[in-house]
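Student: So the number in my numbering is just where the residue sits in the sequence shown, counting from 1, plus 776. Supplied in structure tokens, the structure appears directly below.
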Amino acid sequence: MGASAAPRESAGLAPAYAAARARLGLVAALFVVATLGWIWAARAMQGMDAGPWTSLGTLGWFLTIWVVMMAAMMLPSVAPTIALYAKVTRKSSPVSPWLFTGGYLLTWAGAGLVAYGVGLLVTAVFGDALSWEHAGRSVAAATLVVAAVYEVTPLKNVCLAKCRSPLGTLLGSWRGGYAGAVRMGMRNGAWCVGCCWALMASLFALGVMSITWMAFVAGLIAVEKTLPWRRGLTFATAAVLLTLGVLLVAAPHALPGLTIPSGQTMPMG
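See below:
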């Protein structure tokens, strides 16, 4: 009886091992996509960094590079959530996790569209008044201070908790089918936007077309989402952002990787 039980146990473990290998392959594929996004963004953004409030170019050009940037910056930190979704839906189509990922990026595309609209509105209303030589540096520093304050707010804590422990959110908002996968990805992306919008605003204030600051912000996001000591990390991030804001006003040349605007408009697209 013992001899016959062993093969049955092995047969029962085989599907679990196969599912685990599939999830590992999914995570590896997400990291490959992110790596390709970094390579593409580095090439596309070469020579585009004009410092704080870099011109966003045409809508189509900006949204394209924005979505690629979000794939590069966010997929490594959201990979555990996508793998968890794949585990919960192990009997569904292997396409579902990728639709979930697409929904996640779709939400970030919407956030980029809002950012672009705000940029157009501010430019139309204030024009050159927000150039670096006038109020641009002060506004950029204020943006970093606001981002620092947001890091220690209850809303940030709630959104970060949803990103770090997504199982309850996934099960509480479950939707089946392909459309459901996209909707759940969009919902998860909404929590992520709530968690990271201030850090993204900081990226605009430091140079949205800078691969250096893009990597810096992506690192902050990954640390907050994956390491323990959640509240301690957000306070540390707030201190970093506050320091950057002070330096941006007092000694911008002391910031490595910061491009000081020349006052010329940067052509894009």
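Where a beta carbon is used, it is the ideal one built from N, C-alpha and C, also for glycine.
Buried or exposed: which applies to T865, given that a residue is buried once 16 or more other Cβ atoms fall within 10 Å of its Cβ?
Tutor: As a position in the sequence shown, residue 865 is number 89, starting the count at 1. Buried, by the Cβ-count rule.
Student: Alpha carbon to alpha carbon, how far is M976 from T1035?
Tutor: Translated into the one-based positions of the sequence shown, residue 976 becomes position 200. Translated into the one-based positions of the sequence shown, residue 1035 becomes position 259. Their backbone Cα atoms lie some 18 Å apart in a straight line.
Student: Is DSSP giving M821 helix, strand or coil here?
Tutor: Reading the sequence shown from its first residue, position 45 is the one you call residue 821. In the structure shown, M821 sits in coil (DSSP, three-state: anything other than H, G, I, E or B).
Student: Candidates L947, A817 and A1012: which alpha carbon is nearest V999's?
Tutor: As a first step, residue 999 must be located in the sequence shown, where it is residue number 223. Ranking the options by Cα distance to V999, first place goes to A1012.
Student: Are the CB atoms of T830 and G983 nearer to each other than 9 Å?
Tutor: The residue labelled residue 830 in the question sits at position 54 within the sequence shown. The residue labelled residue 983 in the question sits at position 207 within the sequence shown. Yes.
Student: Looking only at its chain, what residues have a beta carbon closer than 6 Å to the beta carbon of A1063, apart from the 5 residues adjacent to it on each side?
Tutor: Residue 1063 lies beyond the residue range present for the chain, which begins at 777 and ends at 1045; the question has no answer from this structure.
Student: Taking 8 Å as the threshold, find out whether the region 999–1010 comes into contact with the region 831–849 through three or more Cβ pairs.
Tutor: Flag = no, the region 999–1010 and the region 831–849 do not touch.
Student: How long is the line joining the alpha carbons of L996 and N933, rounded to whole angstroms?
Tutor: Within the sequence shown, numbered from 1, the residue matching residue 996 stands at position 220. Within the sequence shown, numbered from 1, the residue matching residue 933 stands at position 157. So the two alpha carbons sit approximately 15 Å from each other.
Student: Residues in its own chain within less than 7 Å of T899 by CB, not counting five upstream and five downstream?
Tutor: Numbered from its first residue, the sequence shown carries residue 899 at position 123. Closer than 7 Å at Cβ, skipping near neighbours: no residue.
Student: Is G1021 helix, strand or coil when you go by DSSP?
Tutor: Within the sequence shown, the letter at position 245 stands for residue 1021. Looking at G1021 - three-state DSSP - the assignment turns out to be helix.
Student: Check whether the Cβ atoms of V928 and A981 sit closer than 9 Å, and answer yes or no.
Tutor: As a working note, residue 928 is residue 152 in the sequence shown. As a working note, residue 981 is residue 205 in the sequence shown. The answer is no: Cβ separation not under 9 Å.
Student: For a test of the three-state rule: what should DSSP assign to V958, helix, strand or coil?
Tutor: Here residue 958 refers to the residue found at position 182 of the sequence shown. The answer is helix: DSSP assigns V958 an H, G or I state.
Student: Residues in the same chain with beta-carbon distance under 8 Å from P1028, minus the five sequence neighbours each way, listed in chain order, please.
Tutor: Along the sequence shown, one-based indexing puts residue 1028 at 252. Answer for P1028: R913, L1034 and I1036, listed in chain order.
Student: Confirm, please, whether the CB-CB distance from L1024 to A916 is below 9 Å.
Tutor: Working through the sequence shown from its first residue, we reach residue 916 at position 140. Working through the sequence shown from its first residue, we reach residue 1024 at position 248. A contact, by the Cβ cut-off of 9 Å.
Student: Using the C-alpha atoms, what's the distance from L943 back to P1043?
Tutor: Locating residue 1043 in the sequence shown gives position 267, counting from the first residue. Locating residue 943 in the sequence shown gives position 167, counting from the first residue. Here P1043 scores only 37 on pLDDT, less than 50, and its place in the model is too uncertain to base an answer on.
Student: Could you pull out every unbroken alpha helix (DSSP H) segment of at least 4 residues lying fully inside the region 851–905, listed in chain order?
Tutor: Those alpha helix (DSSP H) runs which fall completely within the region 851–905 and span 4+ residues are 872–902.
Student: Taking 8 Å as the limit between beta carbons, can you name the residues of its chain near V958, skipping five residues before and five after?
Tutor: Within the sequence shown, the letter at position 182 stands for residue 958. L875, F876, G878, G879 and L882, listed in sequence order.
Student: Candidates T1002, W1005, T1019 and M985: which alpha carbon is nearest A820's?
Tutor: By 1-based counting over the sequence shown, the position of residue 820 is 44. Considering only alpha carbons, the answer is M985.
Student: Does the Cβ of G813 have 16 or more other Cβ atoms within 10 Å, making it buried, or fewer, making it exposed?
Tutor: Position 37 of the sequence shown holds residue 813. Label assigned to G813: buried.
Student: Could you tell me which of A991, A1026 and L1020 sits nearest to V817, measuring between CA atoms?
Tutor: Counting from one through the sequence shown, the residue named residue 817 turns up at place 41. It should be pointed out that residue 817 corresponds to Ala in this sequence rather than to Val. Out of A991, A1026 and L1020, A991 has the C-alpha closest to the C-alpha of A817.
Student: Hey, quick one: how far does the alpha helix (DSSP H) through W829 stretch, first residue to last?
Tutor: For the purposes of this step, residue 829 is taken as residue 53 along the sequence shown, with counting starting at 1. That residue, W829, is in no alpha helix (DSSP H); it is neither H nor E in DSSP.
Student: Does at least one heavy atom of the ligand FAD sit under 8 Å from the Cβ of A1030?
Tutor: Within the structure as shown, the ligand FAD is missing, as the structure has no ligands at all.
Student: Got a sec? Which residues, its chain only, sit under 8 Å from F807 by beta carbon, not counting five neighbours each side?
Tutor: Looking up residue 807 in the sequence shown gives position 31. Within the same chain, F807 has close Cβ partners L851, P852 and A855.
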